[in-house]
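Residue numbers for the sequence shown follow the working numbering, beginning at -1 and rising by one. Structure first, then comments.
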Amino acid sequence: MADLKGKRVLVTGGAGFIGSHIVDLLCDEGCAEIVALDNMIRGRPENLAQALGRGPVRLVDGDIRDGKLMGALVGEADIVFHQAALRITHCAAEPRLAMEVMVQATFDLLELCVQHNIEKVIAASTASVYGMADEFPTTERQNPYNNRTLYGAAKVFNEGLLRTFNDMYGLDYVAFRYFNVYGDRMDIHGRYTEVLIRWMERLEAGLPPIIFGDGQQTMDFIHVRDIARANILGAKAKATDDVFNVASETETSLLQLAQALASVMNHRGLAPQFEPERSVNPVPRRLASTEKAERLLGFRSTVSLEDGLADLVKWWRAEREMTAAATARHEAALS
């Protein structure tokens, strides 16, 4: 395995949900500099509070579409973790913006990585590339032709671009297909939030979580700390020109998830409320194989769903308390 000690690292989306956890782990690797780039649409400076206090971390408020800025940052880096992206729902709502951020800006970034002889790119991809898989557990050999989302299409292009640049220019990279990621620092303040956030809000108010459909849709939940650890392993491993699933290899239905969350929040008596499905879900099942990541990277998930949900609820409640306190101070100042 390679050593990250003394390396200069750039993390796009570095103040975001996943990126900030990668920065946390990089602080333990002896890096010379860790630059977290974020436009603060999904990211928050608070996500880097710990890292800024214990490592050579520099937060840059900027956009990956800013070519001049990106040229300067990539020119000073050895390793690039590319995590910046729009949410899948945001891509559907603003497809042209999705093309700018997810496709063109990624092309521009990888072109800069070639120009500046970046040692390795660690790129975020997604299980969305599979669409409705033909095999379970789903391996990386599953083709991407069942994807029907703009987000997934952009990630398919990104993976293809990485392979192409590896052939054309020798750009070293690994890409990770994230399955259903959850954990502290999830998006709770923006327009596009996860179902877990909405469920926690209802349960805390003494209301049942709402499930659209019969609750039998399954996902493969993976805690964000495991995702971050996979990224570090990918950066240090000899593996290159390859893509890996990152998941827990555990299939959990929405009904099971709602019940587990209610239990963690001490609301076991609040059974889920079922509502008619709002649209046909093209991907009713997710279950990954991570055998390849274990074999080539030494990765296996370590955070159980119960422990991960408990950590999420603890963090979410603390965030609510801080927000309420800040609101009270603001109102007091105005009165």
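Where is the CB? At the ideal position from N, CA and C, for every residue including glycine. Just so it is clear, the structure is predicted and the values come from calculations on it, not from any experiment.
Less than 8 Å separating the beta-carbons of Cys29 and Val7?
Contact: yes.
Since Leu231 and Leu307 should fall inside the 8 Å C-beta cutoff, what is the C-beta to C-beta distance between them, to a whole number of angstroms?
No, Leu231 and Leu307 are not in contact; Cβ-Cβ is about 24 Å, not under 8 Å.
Measuring alpha carbon to alpha carbon, tell me which residue in Glu133, Ala125, Arg318 is nearest Arg146.
Ranking Glu133, Ala125, Arg318 by Cα distance to Arg146 puts Ala125 first.
Helix, strand or coil for Asn178 per DSSP?
Here Asn178 sits in strand by DSSP.
For a test of the three-state rule: what should DSSP assign to Thr10, helix, strand or coil?
Three-state DSSP puts Thr10 in a strand.
According to DSSP, which residues form a beta bridge with Ala121?
Per DSSP, His80, Ala173.
Arg52 lies in the alpha helix (DSSP H); which residues open and close that run?
Note, Arg52: alpha helix (DSSP H), 47 to 52.
Classify Asn328 as buried or exposed, calling it buried when 16 or more other Cβ atoms lie within 10 Å of its own Cβ.
The sequence as given places His at residue 328; Asn does not occur at that position. It is exposed - the Cβ of His328 has fewer than 16 other Cβ atoms within 10 Å.
DSSP has Met166 in a bridge; who is on the other side?
None; Met166 has no bridge partner.
Can you give, in chain order, each stretch of the alpha helix (DSSP H) that sits fully within the stretch 249 to 305 and has at least 4 residues?
Listed in chain order, they are 252 to 262, 289 to 295.
Mind checking who Met217 pairs with in its DSSP beta bridge?
Met217 pairs with Thr250.
With distance defined between alpha-carbon atoms, name the residue in His80, Arg63, Glu74 nearest to Ala96.
Checked all of His80, Arg63, Glu74; the closest Cα to Ala96 is Arg63.
Per DSSP, what kind of secondary structure is Ala237 in: helix, strand or coil?
Three-state result, Ala237: coil.
With three or more beta-carbon pairs closer than 8 Å as the criterion, would you say the stretch 260 to 272 touches the stretch 206 to 224?
Yes: at least three Cβ pairs fall under 8 Å.
Which residue marks the beginning of the beta strand (DSSP E) containing Val55, and which one marks its end?
Start and end: 55 to 59.
Tell me Asp26's beta-bridge partners as DSSP assigns them.
In DSSP, Asp26 forms no bridge with anything.
List the residues that DSSP assigns as beta-bridge partners of Asp185.
Beta-bridge pairing links Asp185 to no other residue.
Under 8 Å by Cβ, that's how I've got Ala34 and Gly17 pegged, so tell me the actual separation to the nearest angstrom.
Correct: roughly 7 Å between the Cβ atoms.
I need the straight-line Cα distance from Asn156 to Ser123, nearest angstrom please.
Using only the alpha carbons, I get a separation of about 8 Å.
Closer than 8 Å is the cut-off here; do at least three beta carbon pairs connect the stretch 308 to 324 with the stretch 178 to 187?
At 8 Å Cβ cutoff, the stretches touch.
Specify whether the stretch 207 to 227 and the stretch 262 to 281 touch according to this definition: at least 3 beta carbon pairs, one from each stretch, less than 8 Å apart.
The stretch 207 to 227 is in contact with the stretch 262 to 281.
Between which two residues does the beta strand (DSSP E) holding Val72 run?
It is not in any beta strand (DSSP E) - Val72 instead sits in the alpha helix (DSSP H) that spans 65 to 73.
From what residue to what residue does the beta strand (DSSP E) around Ile86 run?
Taken as a continuous stretch (DSSP letters only), Ile86 belongs to no beta strand (DSSP E), being part of the alpha helix (DSSP H) at 86 to 91.
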